[in-house]
Each structure stands twice: as structure tokens, then as C-alpha cells.
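Remarks on the structure that follows.
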Amino acid sequence: MTESNKLHIDKWLPTSAKEVKERGWEELDVILFSGDAYIDHPSFGASVIGRVLENEGLKVAIVPQPNWRDDLRDFKKLGQPKLFFGVTAGNMDSMVNHYTANRRLRHDDAYTPDGRHGQRPDRPTIVYSQILKKLYPDTPILIGGIEASLRRVTHYDYWDNELKPSILCESNADLLVYGMGEKPLKEIVRLTKKGVPFYSLTNIPQTSFLVAQDEVYPTKKTWQDQKLYSHEDCLNDKKKFASNFRCIEMESNAMMAKKLTQDYKDQTIVVNPPYPVMNEKEMDEVYDLPYTRLPHPRYKDKKIPAFDMIKFSVNMHRGCFGGCSFCTISAHQGKFIANRSEKSILKEVENITKMPDFKGYLSDLGGPSANMYQMKGIFESICKTCRRPSCIHPDVCPNLNTNHQAMLDIYKKVDQVPGVKKSFVGSGIRYDLILHQTKDDKINKSNREYATELIKNHVSGRLKVAPEHTSDDVLNMMRKPSFNLFYKLKALFDDINKKEGLNQQLIPYFISSHPGSQPTDMADLAVKTKELDFKLEQVQDFTPTPMTVATVIYYSGYHPYTLKKVFTAKSEKEKLSQRKFLFWYKKEYREAIKTELIKMGKKDMLTKLFK
Numbered sequence: 004m005t006e007s008n009k010l011h012i013d014k015w016l017p018t019s020a021k022e023v024k025e026r027g028w029e030e031l032d033v034i035l036f037s038g039d040a041y042i043d044h045p046s047f048g049a050s051v052i053g054r055v056l057e058n059e060g061l062k063v064a065i066v067p068q069p070n071w072r073d074d075l076r077d078f079k080k081l082g083q084p085k086l087f088f089g090v091t092a093g094n095m096d097s098m099v100n101h102y103t104a105n106r107r108l109r110h111d112d113a114y115t116p117d118g119r120h121g122q123r124p125d126r127p128t129i130v131y132s133q134i135l136k137k138l139y140p141d142t143p144i145l146i147g148g149i150e151a152s153l154r155r156v157t158h159y160d161y162w163d164n165e166l167k168p169s170i171l172c173e174s175n176a177d178l179l180v181y182g183m184g185e186k187p188l189k190e191i192v193r194l195t196k197k198g199v200p201f202y203s204l205t206n207i208p209q210t211s212f213l214v215a216q217d218e219v220y221p222t223k224k225t226w227q228d229q230k231l232y233s234h235e236d237c238l239n240d241k242k243k244f245a246s247n248f249r250c251i252e253m254e255s256n257a258m259m260a261k262k263l264t265q266d267y268k269d270q271t272i273v274v275n276p277p278y279p280v281m282n283e284k285e286m287d288e289v290y291d292l293p294y295t296r297l298p299h300p301r302y303k304d305k306k307i308p309a310f311d312m313i314k315f316s317v318n319m320h321r322g323c324f325g326g327c328s329f330c331t332i333s334a335h336q337g338k339f340i341a342n343r344s345e346k347s348i349l350k351e352v353e354n355i356t357k358m359p360d361f362k363g364y365l366s367d368l369g370g371p372s373a374n375m376y377q378m379k380g381i382f383e384s385i386c387k388t389c390r391r392p393s394c395i396h397p398d399v400c401p402n403l404n405t406n407h408q409a410m411l412d413i414y415k416k417v418d419q420v421p422g423v424k425k426s427f428v429g430s431g432i433r434y435d436l437i438l439h440q441t442k443d444d445k446i447n448k449s450n451r452e453y454a455t456e457l458i459k460n461h462v463s464g465r466l467k468v469a470p471e472h473t474s475d476d477v478l479n480m481m482r483k484p485s486f487n488l489f490y491k492l493k494a495l496f497d498d499i500n501k502k503e504g505l506n507q508q509l510i511p512y513f514i515s516s517h518p519g520s521q522p523t524d525m526a527d528l529a530v531k532t533k534e535l536d537f538k539l540e541q542v543q544d545f546t547p548t549p550m551t552v553a554t555v556i557y558y559s560g561y562h563p564y565t566l567k568k569v570f571t572a573k574s575e576k577e578k579l580s581q582r583k584f585l586f587w588y589k590k591e592y593r594e595a596i597k598t599e600l601i602k603m604g605k606k607d608m609l610t611k612l613f614k
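Laid out in C-alpha cells, this is it:
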């Protein structure tokens, strides 16, 4: 018998008409449609939103991975909700989920039972919303999740190789919640329960909607407006598209952000400023909801790979102030860190220890970047006026508190919880924060202790870090630190391993074909990593995704902050030329690399790579 079978089915949100009827409900308030399997765990967005709505006193059901190919019975089986439909593609952008960097179809899906491919369409947010709007034209549709969030204005779609307007235009949805949606959702529920019509919900922070051009609508007088170039302007001028992004990124991550507007045909897309970051009490309320932490019983005897990965992990915080050019975390979760309390984290760890198949090992104590827990500006007044997209690039902000003591404390307390044998940190770490030297010797000492504690007690034999490249020019484009810092990390890692009698590996991640990366930069990467005795495993080809600096450069050819031209490898030939340098040690690439080096006038590198 599986763990799911041991709990009564009413411990999960209902997923069928039968489950709704068993609860004695005659009408639902909200019905959620998700591209993912339903796993009632705080790592899965649809489950979190369902529990938050339930906690607001609503009758909520969820329809996971509805069949969009048949007679649409999955979209009809629960009828019409009283308030609205909620639609999300799932935890992951569907196009990244479905396709490789070379646009080749993947053969599995980690968020589907048994990893089966084909259980969701491309761009399910659009597909599900269009179906629901046809079936129930009078019922409002609210879209959210990372797929919708990153497409709230004109964006480049790599898979269709074209600029697309806001996802609101294609989906026919009535309202979009971007980012982490708990706060706007609570306000939407509060107003709709009072009978406020959906079309008038135009002054809620962290939402986006469409109005007719020149239409007067309720808004907050304190919000300043920032008008973006129209969708049509972006289609006609790539530099204007690039210029837009600078405004979008800055306003998405500002404490005192402006309202963004963008014209599209005869309509205007409105993006209201975000809510302030969630405080500790608000975060705890979300993570302390009564999740079963298990897949719904409908998946009896089936494996869901994404669940297996996070089953015994704990998310301590949200957000990331790294601002990497290729990453969407700050665009969705925000730049400022939202922290859980120590009490809430320890409570979740205790709950995990009670799970029947828990063997004593926590797979991850982390977050988007594992070592940003409790980090924020020393003086919030400085943060309020700051417009930097990254708090640690081109250098660590002097107003940022980089003290790792809070993480040290919680690691040690977690390891003292009865039933816990070992806790690992599986999320990526920012080693530039660990190695940053401040004027405060106490903080420097704490950070050194953190490095020792991490490497000695929380690495499962391999510490994964992401230098991403070796060229300082490319790293600057990526908003990453100089590769010189990686040498310092390796020296520290080796020193701690030696002192502690450990035999652990440092596993670096690298990216090929990132904007700004030339073939000579990749040749340099091959030489430097060989000198460090690395045969690279964790590598990827740059994949353009909406709402990143790197994607804007890839499509437009211009850097959005300087409007200067930037080279990007685009063709399959150019991308393969860069990628093969990551695998210099493989025989099948040797001759091609030799030919390339000679062509580049880099014969001196031949002996360095192949002596």
C-alpha cells in the first residue's frame, strides 16, 4: 500500500465530480486547471494556490492535465465555478519542458506520471484558456504561473522564432497574476466575494489586464505610468523591443515600481506594479497549510519524477538577487528574498521525518540560490530607490548583508531534529557571496564557517556550482563574477576536503552559445577547464526564454541597457562549433576542434588541449 492510499481522499483537493459530491458540495467557487500532475506539496504552484484559496474559505477543485484532444469532457466534468477558472501551465514553462535547446522534442516529462510525454499541449495556458472561454464565455478566467508570468508583455518566442504579444491577447483570459500569486489572489478573492465584477479588478497590484485604448479604468493615483513601445513598434524596430526590456526588468524588481502600459492593436496591456515582498508571517502561512506532501491517489502505483526529486526537500526562501542575464527567477519570484521562519522550516522537517519511507536524509535545504536565506539590504531606504537589476553584479552592493550565520544556525538545528541523519544542500550556491570580503571580520568569519559546514556536512559527494564561463567578457554579459573567483573557490574546496579527510568533487556548470560568447572564448574555456582537470558533465546550450536580458540580445542583437550590438551564435553550425569545445576530451570532436583552432589562428592551444 502506498502512502497516498493510507490517507482519505478528502485530504486532497477534489479532482473529479465524484470527489466533489462526496464532500457534499453542490457548487464550486474556483476550478483550477494545471498542466502538471496534482501533487499536494508546497513545491508545486497549483497545489499552493489551491490550498491558499481553500484557506480563504472557498470550495476549490483542481483538474490536472486535462485532455484537450477529445470531446473536452475534462473541461466540462465539474461545470462552472461561482467565481472564476484558474489556469496554469504548471511548474515549468511548457516549451522548455517539451523541447531541447535545438528545438528537438523531448521524450519525457518529469511532471507527469511515469514521465510520459504528450500529456499537455504546447503553451497549455493558451490552449486551456481558449477552450474554457468557448465553453463558458461568461465565466472569468485568471491565468498565472511561470509560463503566463514571463509573457505578460511583448516577448520573443524562440520556438516559433517570432515576437508575440502579451499572453492575455492570445489566451482570451480576463486577468493575469504574475510572479508568486498568493497576495494578489487573496485580494481578488476578497473583492469577488463582495460581488465586485471581474472586469473592474484593475487596481490590484501584481496583475495584468487588457483595456480598450483610451478607456478610463479604476487605478491607484499613487502609481506612476511608464508607457512602453507598442507591440507594433517592437515588430518594426528591434532596438525599441530591446529598449522596452530595460524598463520591464527595472520595474519588475523595484520597491517603488511604476505601472507599465503597452498598446497592442486597439487595446492597451496594463501591468500593475508588484506587491511588496512577502514577510516571514505571510510565507509561514503559505508553507504551513495542510499539504499531504503526496501525489493524489489517482496516480496509484505510478512514479512522478519531479515528486521523487523534491520529496524530502525543504524550500527555505524565495527570490534571487543575482539577476543572471539568462535566468528567469528574478522575473518571476522577484529580486528581494522572502524568508520562512526557522520555526516553520523545522516544523516541515519534523513532518518529513514522519513519512513512512523517510530514511533520514533530506535531499535539499535550499531555495532558488541556496545561500541567500535572510539576506537583504542593511538600510531599506537605499533599496527603495535602487534600480540595479542585480545586488551582486558588477560587484556586491555595499548595502547588502552577506552574513551566512542564519543558514549556519538552521543547518545545525535541522541536523538535531530526531530522525534526521544528514541534510544536503542540493540547490545551487552563489560562491561570490561566500567569498565576498566585507569590512566586518565577524561576517567574514561566519562566511568561512559556512563554507566549512557546507562542504564538510552538507555535500553528497559532489558540490555543484555555476561559473557558467571562463571569459570575463562573457561573464560580464551574464552578470556573473570573474572566473578568477572560481579558482579561489576550488582552492578553498580542496583545502577543506584535505583537512577533513574527504574525497569530494566540485562539479561546475557551463553554458555554450550565450550572447557575447565567441568561438575563441569557448576554446579558452576548454583549455582552462582542462588545466583544472575537469571533464565537463553539467553543460547546456543557451536556450532563449521570455523575460531575460540574454533572450532580448539573442533576438534583437542589442544589449537592452547599452543598445550596443552584441554577437550571438544562432545557426546550428555556430552553436555546434561552440558546444564541441565543452567536450574536448571526446575523440569524436578532436579533429573538428583542431581544424577550428587552426582556422582561428590558435595553434598554440592545440598542445594545451591535446598534448
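Under the working numbering, the first residue of the sequence shown is numbered 4, with each subsequent residue one higher.
We put the beta carbon where it would ideally sit given N, CA and C, even for glycine.
Bear in mind the structure is a predicted one, so any value in this text is a computation, not a measurement.
Please state whether the Cβ-Cβ distance between Y302 and P116 is less than 8 Å.
yes
Run the CB neighbour count on I340, radius 10 Å, all protein chains shown included, and call it buried at 16 or more, exposed below.
buried
Just how far apart, CA to CA, sit I149 and P300?
26 Å
Rounded to whole angstroms, how far is the Cβ of A49 from the Cβ of S37, which I believe are closer than 8 Å?
4 Å
Which term fits F570, buried or exposed, when burial requires 16 or more other beta carbons within 10 angstroms of its beta carbon?
Its Cβ having fewer than 16 others within 10 Å, F570 is exposed.
Excluding the 5 residues preceding and the 5 following P208 in the sequence, name in chain order all residues of the same chain whose CB lies nearer than 7 Å to its CB.
P187, N275, P276, P277 and Y278
Give me the Cα-Cα distance between A526 and I170, rounded to the nearest whole angstrom.
Answer to the nearest angstrom: the Cα atoms are 40 Å apart.
Could you tell me the distance, in whole angstroms, from the CA atom of N506 to the CA atom of D536?
15 Å
Considering Cα atoms alone, identify which of R482, L478 and D497 is closest to R465.
D497
By a C-beta neighbour count over all protein chains shown, 10 Å radius and 16 as the cutoff for buried, is Q541 buried or exposed?
exposed
Strictly by DSSP, which residues pair up with G369?
Per DSSP, N318.
Can you give me the Cβ contacts of P518 inside the same chain, cut-off strictly under 7 Å, excluding the 5 residues immediately before and after it?
M480, A553, I556, Y557, V569 and T571
Report yes if the C-beta distance between D398 and V317 is below 8 Å; otherwise report no.
No, the pair does not count as a contact, with Cβ atoms beyond the cut-off.
Write down every uninterrupted run of the alpha helix (DSSP H) in the stretch 375-436 whose length is 4 residues or greater and which is fully enclosed by it, in chain order.
Runs of the alpha helix (DSSP H) lying entirely within the stretch 375-436, each at least 4 residues long, are 383-388 and 408-418 in chain order.
Who does L178 pair with in a DSSP beta bridge?
L178 is bridged to L145.
My understanding is that T128 touches V90, with C-beta atoms under 8 Å, so please give their C-beta distance in whole angstroms.
6 Å
How many whole angstroms separate the CB atoms of L509 and V468, which I take to be in contact at a CB cut-off of 8 Å?
7 Å
When the Cα atoms are used, what is the spatial distance from L365 to F427?
6 Å
Relative to the alpha-carbon of L292, which residue among G53, Y561 and R123 has its alpha-carbon at the smallest distance?
Taking the Cα of L292 as reference, the smallest distance to any Cα among G53, Y561 and R123 is reached at G53.
Less than 8 Å between the beta carbons of Q336 and G322, yes or no?
yes
At which residues does the alpha helix (DSSP H) containing Y131 begin and terminate?
P127 to L138
Pairing CB atoms from the stretch 345-358 with CB atoms from the stretch 449-457, are three or more of them under 8 Å?
no
Helix, strand or coil for V552 per DSSP?
helix
Would you decide whether E22 is buried or exposed? Buried here means 16 or more other CB atoms lie within 10 Å of its CB.
buried
Identify which residue in T532, T222 and D217 has its Cα closest to the Cα of L204.
T222
Pull up the CB-CB distance for V273 and F212, whole angstroms please, since I reckon it's below 8 Å.
About 6 Å; that satisfies the 8 Å criterion.
Helix, strand or coil: how does DSSP classify S449 here?
helix
May I have the straight-line CA-CA distance separating S463 from V420, to the nearest angstrom?
19 Å
What residue does the alpha helix (DSSP H) around Y592 start on, and which one ends it?
For Y592, the enclosing alpha helix (DSSP H) has its first and last residue at K590 to M603.
What are the start and end residues of the beta strand (DSSP E) that includes D607?
Where D607 is concerned, there is no enclosing beta strand (DSSP E), although the alpha helix (DSSP H) it sits in stretches over D607 to F613.
State buried or exposed for D112, treating a residue as buried only when at least 16 other CB atoms are found within 10 Å of its CB.
buried
Are there three or more Cβ pairs, one per stretch, closer than 8 Å when the stretch 177-191 is compared with the stretch 75-82?
Contact fails: fewer than three Cβ-Cβ distances are below 8 Å.
So, is E254 buried or exposed, given that buried needs 16 or more other C-beta atoms within 10 angstroms?
buried
So, helix, strand or coil for Y114, using DSSP?
coil
Taking 8 Å as the threshold (C-beta atoms), are A104 and Q543 in contact?
Annotated as proximal: Q543 and A104, with beta-carbon spacing under 8 Å.
Classify H11: buried if its beta carbon has 16 or more other beta carbons within 10 angstroms, exposed otherwise.
It counts as exposed.
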